[in-house]
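K.L.:
Numbering (full-length UniProt numbering), first residue to last: 1 to 226.
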């Protein structure tokens, strides 16, 4: 009678099933400092679902509270060392998987001209004698979650505050006072800041132009909430 136990019972192991390991996305607190030529395109996107009704009216629903930016960076031909640095950064971020810091070329600062920030650039709240934490924002209301903490300046009713009297959340954009601002006190602030983004590119293609240089696809970065 043939052995009915099967190959596994006779001492032969089934091939091990390879398990696919999933990797969760994260924010890497590192800046993408690629040299930016003129011609970087900055698109401001408002994600709104629009539904046309039979009556001719529309319903509109905002999918995000804030606008999101999309950056298209033409790379073109560059020294091969720069190309390799970009590829290395792309690999370290897992392509589009992990987000990172990027300095917006159009709005790098709370200053109206994009230059050096001041402590009175933007209102971030009114004191009530209890609240200690205030979210950094631009004058237009854009939330700043990734400030350059070393550049943050704060004022109460127009008077500069000693940096020893508050802390700045580098990854949140929250200014936390040791003592809550008094009731009715105007809290203002200014800073340089970055935008949390991820690569939209799923792949990058390089063309070797000559021994010293190469060309690369345009880089597309999408702002994320992180």
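The beta carbon of each residue, even a glycine, is placed where N, CA and C say it ideally should be. Just so you know, these numbers come straight off a predicted model, no measurement behind them.
Can you give the Cα-Cα distance for residue 177 and residue 158, rounded to whole angstroms?
P.N.:
16 Å
K.L.:
Note down, one range per segment and in chain order, each beta strand (DSSP E) of at least 3 residues found wholly within the stretch 71-120.
P.N.:
76-79, 99-102
K.L.:
Quick check on DSSP: helix, strand or coil for residue 149?
P.N.:
It is helical.
K.L.:
On the DSSP letters alone, give me the boundaries of the beta strand (DSSP E) that residue 126 sits inside.
P.N.:
122-126
K.L.:
Exposed or buried, which one is residue 228 when buried takes at least 16 other CB atoms within 10 Å?
P.N.:
Since the first and last residues shown for the chain are 1 and 226, residue 228 lies out of range.
K.L.:
I need the DSSP call for residue 49, collapsed to helix, strand or coil.
P.N.:
strand
K.L.:
Excluding the five sequence neighbours on either side, which residues of its own chain have a C-beta within less than 6 Å of the C-beta of residue 48, listed in chain order?
P.N.:
60, 62
K.L.:
In chain order, what residues of the same chain have a beta carbon less than 7 Å from the beta carbon of residue 213, not counting five sequence neighbours either side?
P.N.:
Within its own chain, the residues whose Cβ lies closer than 7 Å to the Cβ of residue 213, once the five positions on either side in sequence are excluded, are 77, 78, 79, 80, listed in chain order.
K.L.:
Among 137, 225, 75, which residue has its Cα nearest to the Cα of residue 227?
P.N.:
No information on residue 227 is available, as it lies outside the stretch 1 to 226 that the chain covers here.
K.L.:
Considering only the alpha carbon of each residue, which of 182, 57, 100, 223 lies closest to residue 130?
P.N.:
182
K.L.:
Helix or strand or just coil, what does DSSP make of residue 196?
P.N.:
strand
K.L.:
Quick check on residue 157: does DSSP put it in helix, strand or coil?
P.N.:
coil
K.L.:
Counting only beta-carbon atoms, is residue 159 nearer than 8 Å to chain D?
P.N.:
Structure shown: chain D not included; a single protein chain is present.
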